[in-house]
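In this note's numbering, the protein residues as written are 41 to 181.
C-beta: ideal position from N, C-alpha, C; glycine also.
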Amino acid sequence: MKMSRDSIRGICDALEQAGIRPTHQRILIMKYLAEYRVHPTAEMIYSKLKEEIPTFSKTTVYNTLKLLDEKGLISALATDEDQVRYEANMTPHGHFKCIQCGALFDLDLACSLPPEKEVGGHLVLEYQVMAKGICRSCRGG
Ligand SMILES: [Zn+2]
Ligand SMILES: [Zn+2]
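(1) With distance defined between alpha-carbon atoms, name the residue in HIS64, GLN140 and VAL159 nearest to VAL101.
(2) Does the distance from the CB of ILE51 to the CB of MET70 come in under 9 Å?
(3) Exposed or buried, LYS157, counting other C-beta atoms within 10 Å across all chains shown (16 or more means buried)?
(4) Is CYS52 a contact residue of ligand 1, with contact defined as CB to any heavy atom under 8 Å?
(5) So, with DSSP's three-state summary, where would you put ARG45?
(6) Can you give me the C-alpha to C-alpha distance between ARG45 and ILE67, rounded to a whole angstrom?
(7) Buried or exposed for LEU165, please, with buried defined as at least 16 other CB atoms from any protein chain shown within 10 angstroms of its CB.
(8) Using a Cβ distance threshold of 8 Å, determine whether the stretch 76-88 contacts the stretch 121-131, with at least three qualifying pairs required.
(9) With SER115 as the anchor, note down where its alpha helix (DSSP H) starts and where it stops.
(10) May I have the straight-line CA-CA distance separating CYS219 from LEU117, to the nearest angstrom?
(11) Under a three-way DSSP split, which group does CYS52 fall into?
Printed below as a string of structure tokens:
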């Protein structure tokens, strides 16, 4: 994983603004999520980062993801396989899940509700769209 100095600076700033001490491991996890927009699980992040830093612990990965999610720096997506997937893309968007290969893609949705909107007397705080189907590469196109 190559790290440019600008993106490291940006990640440090974001962590500090959220009141999180920018440790090397936290920076690596943020960087990974910013670069690999595949919505990885904690397990995937752990096995990838462990290749680079053999001392990386699974607990650190889980704790860091929890902290970053609580502070609103990343978002956690619950999927139907009982797995939580993570992403650093905080702009509102929907998801498309391929039922054949399991890949999860971002969808630009023009129809997403603005936050804090009332629908049928309910106050919407968060709105998630999960479309399912067969992705472009599984369709052979
Ligand atoms: Zn697919
Ligand atoms: Zn996404």
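Working from what's here:
(1) HIS64
(2) yes
(3) exposed
(4) no
(5) helix
(6) 12 Å
(7) exposed
(8) yes
(9) Run containing SER115: none in the alpha helix (DSSP H); it sits in the beta strand (DSSP E), 115-118.
(10) As displayed, the chain neither begins before 41 nor continues past 181, which places residue 219 out of reach and without an answer.
(11) helix
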